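Student: Sharing a structure below in structure tokens format, with a few things to ask.
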Amino acid sequence: MAAQPSSENTLLNLSEEVNQRSLFGEILDWMLAPLLLLWPMSIAITYLVAKSIANQPFDHTLENKLTVLSQQIKQVDGKLVSQMTQQARDMLRADDLDTLYFQVKSMNGMVIEGDPNLPPPDEDEKPAAGNTQFRTSSLRGVDLRIAYAYIEVPNTSLTNAGTAEVATQSSKSNRQLILVQLAESLEKRSNLANEIIKGVILPQFIILPIALALVWFALSRGLSPLAELQQRIRARRPDDLSPIDPRQVPEEITPLVNSLNDMLGRLTMTINSQKRFIADAAHQMKTPLAGMRMQSELALRQTDREEIHRSLLQLSTSSEAATRLINQLLMMAKAENQTPSNRPLERVNLNDLAMDVVREWIPSSFSKHIDLGFEQTDEAIIIFGNPIMLKEMLSNLIDNAIRYTPAGHSVTVKVNDNQAQQLAILEVEDNGPGIPLAERERVFERFYRILGSNVQGSGLGLAIVREIVLQHDAQITVSENPHPQDKQFPGCVFRIYFRLNPFDDFIPESD
């Protein structure tokens, strides 16, 4: 059964590898997909443009022939007649590729000249008289390009003048409207369009592979800084966690490098914290372990029951001190590893939290004959923080105060606020020997003990307090007790300032 999770993890890892996406392939897809989509569209547009270009010269020729054809129709004494010359008929003959069709028809439907089967234009396509229009149609299954125009033919009268006949034109009102159509098959047009398309498309078949190769090369060159960055990272020693110079990478991946540097910085802090923890633990545990070993050896050599009991009692006390030291080392490491991204912040009622911690320390203060008091505001004071870490912080301050305060004196925990500065203030006031002004900053250092102090301790309590204060963006100050119970014991007051609004900067007023 134990091998099954390993197999499932292997399958999961294989699945993740299969589903891993390539940045090179992703960019290539996004570049080639539009290119391959636009290429057939380009061919279609080229075909339409080629047809339009091919039509222009042939349409112009067709229009000229239509003009000549329309000039062959006359109106003589009100009757439309065709006076087609041989030259005009030669012009209308088909060539080797295309066939020409023409038709001249009056408005009453009578075909004056040409092919009667040529389809007429739609009524809505009727242009103004004299304007030539073009359309595409078919006749007997053959596609045609048709030029057509409505022509006004003036009436001509023949009169005798001596032996010659003289033609005279009538007024404009006697003109008749005729439809003249000239159609041509599309073979030459298609051939020209195909030649144009070939001239445009064939080079694309050569250019497209070259373009793809250039895109591939450009992508490879463009992504080469990523490969270089990868090589630089792989070439590093395992213990090299120095930040990567963002000036050596392209601007687009600078945010990625900055994030990586941020992670390397956090990792360096974590590793240094672990190294510090191991070194501190090894250093601090030497003395308790050596003492416990001596006490145990002494107990083994004793024969008197009272001496054995005394040695075992000292051994128990030493083990408790060692346990507390280990717990404080662990808490110190935990506090140092807290960052804004991994510490859970929530709304905390500072009055309730302080009351809970004070209650936990009542038995200890009672055993030392110390009056442990608590003062709070009438209204709740809400801050944002980690309640577990805040309790540990206050516990260390109370423990420190009880340890240094003589029996018969008092320790007071106070919670108040400063609405003008939007601050919540937590105070721990004792009546102990106090802290000299020159040493008030050093008491927050690891394992620092005030010279001449006979109180047992590890020197980690206030260091833990400072770490937790910093993790909550708070500030801590140390000052003398303004109302000491005994002049021989000036006492001290630890004040911690929390922001009621955690998004505002603050500087607490000096005491």
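Every number in the numbering used here is 2 more than the matching position in the sequence shown, counting from 1. All C-beta atoms in this analysis are idealised placements derived from N, C-alpha and C, irrespective of residue type, glycine included. These numbers come from a predicted model, not from an experiment.
#1: Could you check what DSSP says for A476 in three-state terms: helix, strand or coil?
#2: Can you check DSSP and say which residues form a bridge with L102?
#3: Quick one: what's got a C-beta closer than 7 Å to A465's C-beta in the same chain, skipping five residues either side?
#4: Would you report the Cα separation of L291 and D264, rounded to the nearest angstrom?
#5: With H, G and I counted as helix, E and B as strand and the rest as coil, what does DSSP make of R147?
#6: Please name the residue, chosen from L210, S187, E154 and G493, that lies closest to Q77 on a Cα-to-Cα basis.
#7: Using CA coordinates, which residue listed in W218, Y150 and G224 is at the minimum distance from D31?
#8: Between the Cα of V417 and those of D100, L396 and H411, spot the shortest distance and give me the residue it belongs to.
#9: Label E394 either buried or exposed according to how many other C-beta atoms from any shown protein chain fall within 10 Å of its C-beta, with 16 as the threshold for buried.
#10: Keeping to the same chain, check which residues put their C-beta closer than 7 Å to that of P438; ignore five residues upstream and five downstream.
#11: Could you check if R307 is buried or exposed, using at least 16 other CB atoms within 10 Å of its CB as the buried criterion?
#12: Evaluate the contact criterion for the segment 196 to 215 versus the segment 236 to 248: three or more CB pairs, one atom per stretch, below 8 Å.
#13: Is it the case that the Cβ atoms of A131 and L68 are separated by a distance below 7 Å?
#14: Compute the Euclidean distance between the alpha carbons of L181 and P36, then round it to the nearest angstrom.
#15: From the DSSP output, read off the bridge partner residues of Q77.
#16: When you compare each of K370, V144 and I114 to Q85 by their alpha carbons, which one comes out closest?
#17: Quick check on the DSSP output: what are the complete alpha helix (DSSP H) runs of length 4 or more inside the segment 402 to 456, in order along the chain?
#18: Measuring only from the beta carbon, is I199 closer than 6 Å to any heavy atom that is part of the ligand GDP?
#19: Would F376 and V415 be called neighbours here (beta carbons separated by less than 7 Å)?
#20: Pop quiz: A324 and L314 are said to be a contact at Cβ under 8 Å. What is the actual Cβ separation, rounded to whole angstroms?
#21: Under 7 Å, do G493 and N433 count as touching if we go by C-beta distance?
#22: What's the C-alpha gap between G436 and E309?
#23: Just how far apart, CA to CA, sit V168 and N157?
#24: Name the DSSP beta bridge partners of E299, please?
#25: I'd like the span of the beta strand (DSSP E) that includes D373, first residue to last.
#26: Under DSSP, the alpha helix (DSSP H) around S140 begins and ends at which residues?
#27: Mind checking M294: buried by the 16 CB within 10 Å criterion, or exposed?
#28: Would you tell me roughly how many angstroms separate the C-alpha atoms of R91 and E125, rounded to the nearest one?
#29: Can the beta-carbon of V251 be found less than 7 Å from the beta-carbon of L231?
#30: Looking only at its own chain, which residues have a Cβ that is under 7 Å from the Cβ of L374, when we skip the five neighbours before and after it?
#31: Cβ of L266 within 7 Å of Cβ of Q297?
#32: Could you pull the start and end residues of the beta strand (DSSP E) that E348 belongs to?
#33: Can the beta-carbon of K190 be found less than 7 Å from the beta-carbon of L99?
#34: Report buried or exposed for E431, applying the criterion of at least 16 other Cβ atoms within 10 angstroms of its Cβ.
#35: Out of Q473, H311 and K128, which has the shortest C-alpha to C-alpha gap to Y499?
#36: Please report how far the alpha carbon of E429 lies from the alpha carbon of I372, in whole angstroms.
Tutor: Concretely, from the data shown:
#1: coil
#2: E186
#3: M334, F446, E447 and R448
#4: 39 Å
#5: strand
#6: E154
#7: W218
#8: L396
#9: buried
#10: none
#11: exposed
#12: no
#13: no
#14: 50 Å
#15: L82 and N157
#16: I114
#17: none
#18: Of ligands this structure carries none, so the ligand GDP is not represented either.
#19: yes
#20: That pair is no contact at about 15 Å.
#21: yes
#22: 38 Å
#23: Any reading at V168 needs caution, since the residue's pLDDT is 45, under 50, leaving its predicted position unreliable; the model's value is listed next. For V168 and N157, the distance between alpha carbons rounds to 13 Å.
#24: Answer by DSSP bridge pairing: none, since E299 is not bridged.
#25: D373 to E377
#26: Unbroken run through S140 is the beta strand (DSSP E), Q135 to L141; no alpha helix (DSSP H).
#27: buried
#28: 29 Å
#29: yes
#30: V360, W363, I364, S367 and V413
#31: no
#32: E348 to N351
#33: yes
#34: buried
#35: Q473
#36: 17 Å
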